[in-house]
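Student: To start, I am sharing the structure in question, which I have written as structure tokens.
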Amino acid sequence: MDREELFLRLEKALAARDSFLLNKYAKNLLEVVPYHPKAYYYLAEASLMSWDYTQAVKYLEEAIKHNPKEFFLRRKYALAKLNNGNEKEAVKLYSTLLKEQPKNADLYYDLGKYYTQNWNAEKAIKNLTKVVELEPNRLEVYTYLIETFQSARRYDDALEYLDKAIQQDAKNLDWYKARININKRQNDLDACVRDYEQLLYLSGDNEADIRLEFGDLYAEFGLYPQAHKQYTILIDSQEEKGEAKNGMHYRKRGEIRLKTADYQGALEDLEVALELNSKDGSLYYFCAKAQHLQGDKMAALENLVKGMPFKPKQLVEMQELAGRISMDLEDWYGAKVQFETMSKTKGVARQGFFLLGIMHRKKGELEDAYKNWLTAKKHGHPQAQDMIDKYCHSIVDDADGGSAKNPEEEFGPESERNAASPFLRKLFGKYWQLDKDMTMDKSLTFQRMPEFLKKSIFEMIESLAFTISPQGVTLVNPLQNNMQAYYRILEETAHSVEIAGKRMGANEKEVKLRLSFYQNRLKVEGLMPGMGSEVLYFVETDLKKIDPKDQQEKIDRLADNAKNLLNNVFSDLMDKFKKK
Numbered sequence: 083m084d085r086e087e088l089f090l091r092l093e094k095a096l097a098a099r100d101s102f103l104l105n106k107y108a109k110n111l112l113e114v115v116p117y118h119p120k121a122y123y124y125l126a127e128a129s130l131m132s133w134d135y136t137q138a139v140k141y142l143e144e145a146i147k148h149n150p151k152e153f154f155l156r157r158k159y160a161l162a163k164l165n166n167g168n169e170k171e172a173v174k175l176y177s178t179l180l181k182e183q184p185k186n187a188d189l190y191y192d193l194g195k196y197y198t199q200n201w202n203a204e205k206a207i208k209n210l211t212k213v214v215e216l217e218p219n220r221l222e223v224y225t226y227l228i229e230t231f232q233s234a235r236r237y238d239d240a241l242e243y244l245d246k247a248i249q250q251d252a253k254n255l256d257w258y259k260a261r262i263n264i265n266k267r268q269n270d271l272d273a274c275v276r277d278y279e280q281l282l283y284l285s286g287d288n289e290a291d292i293r294l295e296f297g298d299l300y301a302e303f304g305l306y307p308q309a310h311k312q313y314t315i316l317i318d319s320q321e322e323k324g325e326a327k328n329g330m331h332y333r334k335r336g337e338i339r340l341k342t343a344d345y346q347g348a349l350e351d352l353e354v355a356l357e358l359n360s361k362d363g364s365l366y367y368f369c370a371k372a373q374h375l376q377g378d379k380m381a382a383l384e385n386l387v388k389g390m391p392f393k394p395k396q397l398v399e400m401q402e403l404a405g406r407i408s409m410d411l412e413d414w415y416g417a418k419v420q421f422e423t424m425s426k427t428k429g430v431a432r433q434g435f436f437l438l439g440i441m442h443r444k445k446g447e448l449e450d451a452y453k454n455w456l457t458a459k460k461h462g463h464p465q466a467q468d469m470i471d472k473y474c475h476s477i478v479d480d481a482d483g484g485s486a487k488n489p490e491e492e493f494g495p496e497s498e499r500n501a502a503s504p505f506l507r508k509l510f511g512k513y514w515q516l517d518k519d520m521t522m523d524k525s526l527t528f529q530r531m532p533e534f535l536k537k538s539i540f541e542m543i544e545s546l547a548f549t550i551s552p553q554g555v556t557l558v559n560p561l562q563n564n565m566q567a568y569y570r571i572l573e574e575t576a577h578s579v580e581i582a583g584k585r586m587g588a589n590e591k592e593v594k595l596r597l598s599f600y601q602n603r604l605k606v607e608g609l610m611p612g613m614g615s616e617v618l619y620f621v622e623t624d625l626k627k628i629d630p631k632d633q634q635e636k637i638d639r640l641a642d643n644a645k646n647l648l649n650n651v652f653s654d655l656m657d658k659f660k661k662k
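According to the working numbering, the sequence shown is numbered sequentially starting from 83.
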């Protein structure tokens, strides 16, 4: 194969992004013309296609060695260096190239794209805006630039460049959708509506999808009549064209009708959707909800039972509704099955116990109701104590022997003495968060603990902090309600204090804590019952900096566990650990 034929094949392989053929023909070219710089360039391109930047750098170095003045090769070399993690060296190379060709948009584009992908918004914007300045019709740059403005929350700038992008390519539907997303984030409904109307004008074969999104926009803003109109246009259009029914369109309109109390209309639409997709568990739920609101409890219960095996995302809501309907029908066994299932489900256990309490009260079984509400309260249910106060006076009095003191009465008078404590005064008005490193370093228990258990425990409490005042201790939880406790001083020295306390609204056993300072950290002993001399270490923190991740998951976890730090949850975990 001669040289000219090889070059033709190389260009075809490059255009087809075929790294195998590119590599093969480039090596053939080196056999025909040893040390040809273009052969090394093609080998570098093949390496770049495979994300082998290290090898690409080596090939480009060889190409430049044989053609040191070729600007294109030096740009490719700088780009390969950049993508290979040699940012400092690559930036110097780009700086040299820009001195030679200060209006070369490709150089700014390389840097801008790199900084976008590496989350350096300031440098990305600086380089990408320069590309737009030099080549305003270079459309791919707008994508990176708008993405970067959004990540930096500079929405007005993102909108400005979206307008410029639309001026360059007014038929690109993606620009309008991007602008809609930004305007939706800023609650500018009118701007979103204008863009959807323009999208419908440009839509062609995509009209149905865009109109569905248009309806969803209105539904998201709570404008149900307008959403209903868009979904109806879709359904009517399909019927006129003789097209097959689309279950999603009927489902969307059915959900809207449900929200506007058109229960019969909702049921009609949802049943059409269910005929088209009988394995969608959510549809059974919405049908049941419409039937329940119409008063047809048996039909609602039948749909709930049919839909649960499909495990839709509304499974818990289905269980609760089925249980409540069973209660209304005095099917106590059916209600118990649903509520007990909930009580064994992570994240909703407290609601399950709460509903079991309601069921037992309706049956006249107050002691069982009290036990379940007490368990719901321990799991953090916000209404459980109200139900106990309302219905269980006699049971609580009997359990306390008629003589138990309210914690507020028992500990309230101690606040004056607490306020005078020299040691505690150093803590008042400050927030303290667990020092994970110090605790793991000094705690023998944590050192012996398996990594999975250690990680689980620290994740459970990393978003908590506590603060202390003369009136009490508050466990601050950014994810849900704070937990508060009263306390009294048992013993105090110049460097430590021992206190005992109870949670507000609870008549449980006193918990004792010893607080002292250790290496500029607050040392707390006895926080976990059953741990003997085990300690935790806390560091002063700014409450605003507590930024919990995976909030919903942690809400569920904390509701089940962290609320019980002052009882024996941790002891249970340790017992399981010791048995392993």
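All C-beta atoms in this analysis are idealised placements derived from N, C-alpha and C, irrespective of residue type, glycine included.
Three or more beta-carbon pairs under 8 Å between the segment 463-476 and the segment 442-453, yes or no?
Tutor: A contact exists between the segment 463-476 and the segment 442-453.
Student: Are the beta-carbon atoms of residue 439 and residue 420 separated by less than 7 Å?
Tutor: If you number the sequence shown from 1, residue 439 lands on position 357. If you number the sequence shown from 1, residue 420 lands on position 338. For residue 439 and residue 420, no; Cβs fall outside 7 Å.
Student: Within the same chain, show all residues whose beta-carbon is closer than 7 Å to that of residue 260, passing over the 5 residues directly before and after it, in chain order.
Tutor: Along the sequence shown, one-based indexing puts residue 260 at 178. Result list for residue 260: 228, 244, in chain order.
Student: Output yes or no for whether 7 Å exceeds the beta carbon distance between residue 189 and residue 176.
Tutor: Taking the sequence shown and counting its residues from 1, the one referred to as residue 189 is at position 107. Taking the sequence shown and counting its residues from 1, the one referred to as residue 176 is at position 94. Taking 7 Å as the Cβ cut-off, residue 189 and residue 176 qualify as a contacting pair.
Student: Within 10 angstroms of its Cβ, does residue 283 collect 16 or more other Cβ (buried), or is it exposed?
Tutor: Taking the first residue of the sequence shown as 1, we reach residue 283 at position 201. Its Cβ having fewer than 16 others within 10 Å, residue 283 is exposed.
Student: Taking only three categories from DSSP, how would you classify residue 115?
Tutor: In the sequence shown, residue 115 corresponds to position 33, counting from 1. Of the three classes helix, strand and coil, the one that applies to residue 115 here is coil, per DSSP.
Student: Over what stretch of residues does the alpha helix (DSSP H) that includes residue 208 continue unbroken?
Tutor: By 1-based counting over the sequence shown, the position of residue 208 is 126. 203-216 is the extent of the alpha helix (DSSP H) around residue 208.
Student: Could you pull out every residue in the same chain whose Cβ sits closer than 7 Å to the Cβ of residue 517, ignoring the five residues on either side in sequence?
Tutor: Taking the sequence shown and counting its residues from 1, one reaches residue 517 at position 435. Counting only Cβ-Cβ distances below 7 Å, and skipping sequence neighbours, we find 603, 619, 620, 621.
Student: Could you give the distance in angstroms between the alpha-carbon of residue 206 and the alpha-carbon of residue 195?
Tutor: On the sequence shown, position 124 is the one that residue 206 refers to. On the sequence shown, position 113 is the one that residue 195 refers to. One C-alpha to the other measures close to 7 Å.
Student: Which stretch, first to last residue, makes up the alpha helix (DSSP H) that contains residue 441?
Tutor: Working through the sequence shown from its first residue, we reach residue 441 at position 359. Where residue 441 is concerned, the enclosing alpha helix (DSSP H) stretches over 431-444.
Student: Taking 7 Å as the cut-off, decide whether the C-beta atoms of residue 312 and residue 293 are in contact.
Tutor: Locating residue 312 in the sequence shown gives position 230, where the first residue counts as 1. Locating residue 293 in the sequence shown gives position 211, where the first residue counts as 1. Cβ distance < 7 Å, so residue 312 and residue 293 count as in contact.
Student: When you compare each of 354, 310, 347 to residue 328 by their alpha carbons, which one comes out closest?
Tutor: As a working mapping, residue 328 is identified with position 246 in the sequence shown. Selected option, being the one with the closest Cα: 354.
Student: Can you tell which of 129, 279, 466 has its C-alpha closest to the C-alpha of residue 443?
Tutor: Position 361 of the sequence shown, counted from the first residue, corresponds to residue 443. Checked all of 129, 279, 466; the closest Cα to residue 443 is 466.
Student: Residue 316 and residue 331 - do their beta-carbons sit closer together than 7 Å?
Tutor: Here the question's residue 331 lines up with position 249 in the sequence shown. Here the question's residue 316 lines up with position 234 in the sequence shown. Going by C-beta atoms, residue 331 is nearer than 7 Å to residue 316.
Student: Which of the three DSSP states is assigned to residue 580 in this structure?
Tutor: In the sequence shown, residue 580 corresponds to position 498, counting from 1. Residue 580 falls in the strand class under three-state DSSP.
Student: Please name the residue in 359, 407, 301, 397 whose C-alpha comes closest to that of residue 380.
Tutor: The sequence position of residue 380 within the sequence shown is 298, counting from 1. Comparing Cα positions, the closest option is 407.
Student: In chain order, what residues of the same chain have a beta carbon less than 6 Å from the beta carbon of residue 148, not counting five sequence neighbours either side?
Tutor: If you number the sequence shown from 1, residue 148 lands on position 66. Excluding sequence neighbours, residue 148 sits near 117, 119.
Student: By Cβ distance below 7 Å, which residues in the same chain neighbour residue 88 in space, the five residues on each side in sequence not counted?
Tutor: Translated into the one-based positions of the sequence shown, residue 88 becomes position 6. 107, 110, 111, 114.
Student: Give every residue of the same chain whose Cβ lies closer than 7 Å to the Cβ of residue 137, excluding the five residues on either side of it in the sequence, and list them in chain order.
Tutor: Start at 1 with the first residue of the sequence shown, and residue 137 comes out as number 55. Once the five neighbours on either side are set aside, the close Cβ partners of residue 137 are 129.
Student: Identify the continuous beta strand (DSSP E) that holds residue 567 and give its terminal residues.
Tutor: For this step, residue 567 is matched to residue 485 along the sequence shown. Its beta strand (DSSP E) spans residues 565-574.
Student: Going by DSSP, name the residue or residues bridged to residue 465.
Tutor: Numbered from its first residue, the sequence shown carries residue 465 at position 383. Per DSSP, none; premise fails for residue 465.
Student: Can you tell me which residues form a DSSP beta bridge with residue 594?
Tutor: Taking the sequence shown and counting its residues from 1, the one referred to as residue 594 is at position 512. Paired residues: 582.
Student: Below 7 Å CB to CB, which residues in the same chain sit around residue 506 once its five sequence neighbours on both sides are set aside?
Tutor: Counted from its first residue, the sequence shown places residue 506 at position 424. 500, 550, 579.
Student: Between the segment 301-308 and the segment 319-326, are three or more C-beta pairs nearer than 8 Å?
Tutor: As far as the Cβ criterion goes, the segment 301-308 does not touch the segment 319-326, which means the pair count is below three.
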